[in-house]
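A.B. asks: Below are the C-alpha cells for one structure; questions will follow.
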Ligand code: NAP
C-alpha cells in the first residue's frame, strides 16, 4: 500500500476536499509507487489562501531576524535528514543519488542564506534637500504569494522561492509539480517542525491545469512566482497581469556553448558532457547547442563522442550510474520525437539516439545520451528546447559567426564559452544574450548566493536567488521624516 501524503493548510496535514489522489511513480522503476498525493481542487485552493491571509499580518509583524531563525532551524532539520531526502528525490525524479544529495544540500544552504537576510533586509537612506528632514525607504512584504514549481529541481526551486518570500514577511501557498511533489513537502515538513506559525506556509498538490486558475483568481493573492515551461508561464502571465499581480517567470532555454579554436579540447569535451547530459539533460540551464569553430570541430567531436559513450545510464540509486531516466513516459517520448525530427531534417546522428531496453531498463524511461553533428540553424533541434540528453553540434566559420548562431534563438537563459582568448571572452560576455554567462565552465551549475534568471523569452520579471531575490517579494515605501524639536 503506497504511503498517503496530505496537503498542508493552516498548520494541519489534511486530505483534499475532492477526496481524490494521484500516484507519484518512480521513473527508474515504474512498479515502485513513491506515494499517493492529494488531487486538490478549487476548494482546497480557497482553504489554503484563507489560511495564508489569516496568518500573514502577524508573521510580518515579527522582527525579520526572528523570521530568519525559523529558516535556520528548518535548515538544520533538513541537514539531519539529508540521506533520506536525497533518496526520496532520486525515487521520485530519477536523478542520481549524488545529484540529489547535492540538491538537498543546496536547499539547506538556501534556507541558511535567506535566514541571514532576516538580519539585513537592506534598504536605502538618502539625504534630503531640506533641513532636519531624514529620508529612507522601508521594505514591506507583499502579503500572500503563490509559488508554482517544476519537477526537475524539486527541492532547490521550491526552496529558493519559499525562503526569500518567508523571510520578507509574506505568507505562502506553494503548488509543486505533480511529477515530483514529495521533495517540496519535505521542505514544508521541516518548516513545520521548526515551529513556523500555522498558515504562514501552505502546500497543495494536484494538477496545475485543475487548480492554477483558482490560485491566480484568489482575491488575497499579490504575486506569483513560476518556474516551468514557456507555454504555461506565458498563460499565467496573461491571467496575472490582468489583475495587476506581480509576476516572476523562469522558463526554458536553448543554451549554447561556444568552443573557440584556441580551446583546451579535453576541457571542452568534459564541460559539454557535464552540461548536456548530467541530470539527463533535464536542467533549464543544460547546454543543448555546442557551437564549434571549424578548425577544431572534428577533433572535439572525437573526444566528445568517446566521453559520451563511456557514460553509464541506469537507476540513480546504483553506484557508478552517471545518468538517470527521463522523468516520465511523456518526456521520453518528446526526446525520441526530437531525435526522429533531427534525423529527418538532415542532422547526423553521432551517438545514442535510442531508448534503452532489456533487463532493468524495461522498468523505466531510459534513453541513450545523444549527439547530433552538422546541425544548422533552421533545424528544430537548433531552435526548440528538448529538455532531454540531446546535444546539437553546429560548425562556426569564425567568432562572429559563432555569436550570430548563439544569439539566433528566442531563448536567453545561460551561455558558455571555452577559450582563453581574453579579447573574445570579453566580447562574448558583453554581447551574448543570456542571463547567466560562464567562461570555461558548464552552462549549468549555479550558486544560491548569486542572482539567477534569463533574458528574451526565457524569463520575465525580477531575478531569483542572491540578494536581488528579496526585491520580488517586497515593495518599497519612501519615508520623509522631519525633526521638529
Ligand atoms: P510545466 O509543465 O510548465 O509545469 C510547471 C508547473 O506549472 C507545475 O507545477 C505544473 O503543474 C504547473 N502548471 C501546469 N499547468 C498549469 C496551469 N494551467 N496553471 C498553473 N500552473 C500550471 O513545466 P515542467 O514540465 O514542470 O518543467 C520543465 C520546464 O521548466 C522546462 O521548460 C524547463 O526549461 C523549465 N525550467 C526553467 C527553469 C528556470 O529557472 N528558467 C528551471 C527549471 C525548469 P503540474 O505538474 O500539475 O502539471
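Residue numbers (the numbering used here): -9 to 475. Virtual Cβ for every residue (Gly too), placed ideally from N, Cα, C.
#1: Any heavy atom of the ligand NAP closer than 7 angstroms to the beta-carbon of residue 274?
#2: Following the continuous beta strand (DSSP E) through residue 420, name the residue where it begins and the one where it ends.
#3: Please return the same chain residues whose Cβ sits closer than 6 angstroms to the Cβ of residue 342, not counting the five positions on each side in sequence.
#4: When burial is assigned at 16 or more other CB atoms within 10 Å of the CB, is residue 85 buried or exposed?
#5: Count the other CB atoms within 10 Å of the CB of residue 34; is the residue buried (16 or more) or exposed (fewer)?
#6: What does the Cβ neighbour count give for residue 238, buried or exposed, with the cut at 16 atoms within 10 Å?
#7: Could you check what DSSP says for residue 274 in three-state terms: helix, strand or coil?
#8: Please indicate yes or no: does the CB of residue 480 lie closer than 7 angstroms to some heavy atom of the ligand NAP?
#9: In this structure, does DSSP put residue 47 in helix, strand or coil?
#10: Which residue comes first and which comes last in the alpha helix (DSSP H) that contains residue 321?
#11: Hey, residue 396 and residue 371: beta-carbon distance below 8 angstroms or not?
#12: To which residues of the same chain is residue 91 closer than 6 angstroms at the C-beta, ignoring the five residues directly before and after it?
#13: For a test of the three-state rule: what should DSSP assign to residue 179, helix, strand or coil?
#14: What are the partner residues of residue 464, as DSSP defines its beta bridges?
#15: DSSP has residue 442 in a bridge; who is on the other side?
#16: At a threshold of 7 angstroms, does residue 165 count as lining the ligand NAP (C-beta to nearest heavy atom)?
#17: With distance defined between alpha-carbon atoms, name the residue in 346, 282, 133, 349 nearest to residue 158.
#18: Under DSSP, the beta strand (DSSP E) around residue 53 begins and ends at which residues?
#19: Between the beta-carbon of residue 386 and the beta-carbon of residue 281, is there less than 8 angstroms?
#20: My understanding is that residue 270 touches residue 313, with C-beta atoms under 8 angstroms, so please give their C-beta distance in whole angstroms.
#21: Tell me which residue opens and which closes the beta strand (DSSP E) that residue 236 is part of.
#22: Given a threshold of 16 other Cβ atoms within 10 Å of its Cβ, counted over all protein chains shown, does residue 471 qualify as buried or as exposed?
#23: Answer yes or no: do residue 406 and residue 431 have a C-beta to C-beta separation smaller than 8 angstroms?
#24: By Cβ distance below 6 angstroms, which residues in the same chain neighbour residue 466 in space, the five residues on each side in sequence not counted?
#25: Please check the pair residue 356 and residue 346, which I expect to be a contact at CB under 8 angstroms, by giving their CB distance rounded to whole angstroms.
#26: Just the Cα atoms here: how many angstroms apart are residue 121 and residue 225?
#27: Specify the secondary structure class of residue 165 as computed by DSSP and reduced to three states.
#28: Run the proximity test for residue 140: is its beta-carbon closer than 7 angstroms to any non-hydrogen atom belonging to the ligand NAP?
#29: Should the region 59 to 68 be regarded as contacting the region 175 to 185, the criterion being three or more beta carbon pairs within less than 8 angstroms?
C.D. replies: In terms of the structure at hand:
#1: yes
#2: No beta strand (DSSP E) holds residue 420; the alpha helix (DSSP H) holding it covers 412 to 421.
#3: 358, 359, 360
#4: buried
#5: buried
#6: buried
#7: coil
#8: With the chain covering only -9 through 475, there is no way to say anything about residue 480.
#9: helix
#10: 319 to 334
#11: no
#12: 76
#13: helix
#14: 131
#15: 454
#16: yes
#17: 133
#18: Careful: residue 53 lies outside any beta strand (DSSP E) and carries neither H nor E.
#19: yes
#20: 6 angstroms
#21: 236 to 240
#22: exposed
#23: yes
#24: 127
#25: 4 angstroms
#26: 50 angstroms
#27: strand
#28: yes
#29: yes
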